[in-house]
Amino acid sequence: MAEQNLGPRDFFAKEDAIADLGLIACPGAEELCKLVDGHLVRWAQEVGMNVDTFIIPSDCPRFQSGDAKGLVKTSTRGDDLFLFVDPGNYSVTYQLFGYENHLSPDDHFQNLLRLIQAVAGRAHRISVIMPSLYGGRQHRRVSRESLDCAFALQQL
115 MAEQNLGPRD
125 FFAKEDAIAD
135 LGLIACPGAE
145 ELCKLVDGHL
155 VRWAQEVGMN
165 VDTFIIPSDC
175 PRFQSGDAKG
185 LVKTSTRGDD
195 LFLFVDPGNY
205 SVTYQLFGYE
215 NHLSPDDHFQ
225 NLLRLIQAVA
235 GRAHRISVIM
245 PSLYGGRQHR
255 RVSRESLDCA
265 FALQQL
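Each residue of the sequence shown is one higher than the one before, starting from 115 at the first, in the numbering used here.
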């Protein structure tokens with residue numbers, strides 16, 4: 115089978131466009147999202163599109179109780195969205211009762227679900243970019259334990 119090399123003109127062909135492109139970064143995945151955005155913006159400008167960024171501003175603020183909510187700050191109606199999440203990024207912190215807490219993989223996954231819920235029913239398609247699969251180290255059940263990865267994929 116011949117390898118197909120896609121270029122900017124193939125990727126941003128107007129006649130094949132179904133929906134506008136949007137990138138949303140969960141907390142902790144902003145750097146990866148910016149790298150992808152840089153390549154996409156460069157490609158779009160090569161074919162004559164006047165685009166500064168494909169990143170859609172979002173946030174997952176925390177309340178004093180520890181609960182959080184997902185906020186998408188611009189309209190995503192009809193867009194093809196790519197959500198970036200890095201469940202292995204332990205450097206993201208938040209304050210809870212005066213203590214600094216690090217986001218766990220579970221917290222990152224919940225932030226992803228919050229942002230999906232914030233755009234659900236409005237976006238044309240939603241895809242998830244996750245460099246390390248949440249709960250992916252466990253591949254079979256031993257005794258009475260959860261299969262987090264399988265359940266997470268079913269939720270998505």
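In this text, a Cβ means the ideal position worked out from N, Cα and C, and glycines have one as well.
Model, not experiment: these values are computed from the prediction.
Excluding sequence positions up to five before and after SER189, its CB lies within less than 8 angstroms of the CB of ARG236, all in the same chain and listed in chain order. Contact annotation: the stretch 198 to 206 touches the stretch 139 to 159, with at least three C-beta pairs closer than 8 angstroms.
Within 10 angstroms of the beta-carbon of GLY184 lie 16 or more other beta-carbons, which makes it buried. In the three-state DSSP reduction, GLN209 falls in the strand class (E or B). The C-alpha of GLY192 is placed about 24 angstroms away from the C-alpha of LEU149. Non-local C-beta neighbours of ARG228 in its own chain, meaning closer than 7 angstroms and more than five positions away in sequence, comprise CYS174, ALA182, LYS183 and GLY184, ordered along the chain. Per DSSP, the continuous alpha helix (DSSP H) segment holding ILE230 begins and ends at 219 to 233. In its chain, beyond the 5 residues on either side, GLY184 have a beta carbon closer than 8 angstroms to the beta carbon of GLN231. In the DSSP assignment, ILE138 is bridged to LEU197. VAL150: member of the alpha helix (DSSP H) spanning 144 to 160, first to last residue. ASP173 sits in a strand when the DSSP states are folded into three classes.
Distances from the CA of LEU135 to each of ARG176, SER246 and ARG239 were compared; the closest alpha carbon is that of ARG239.
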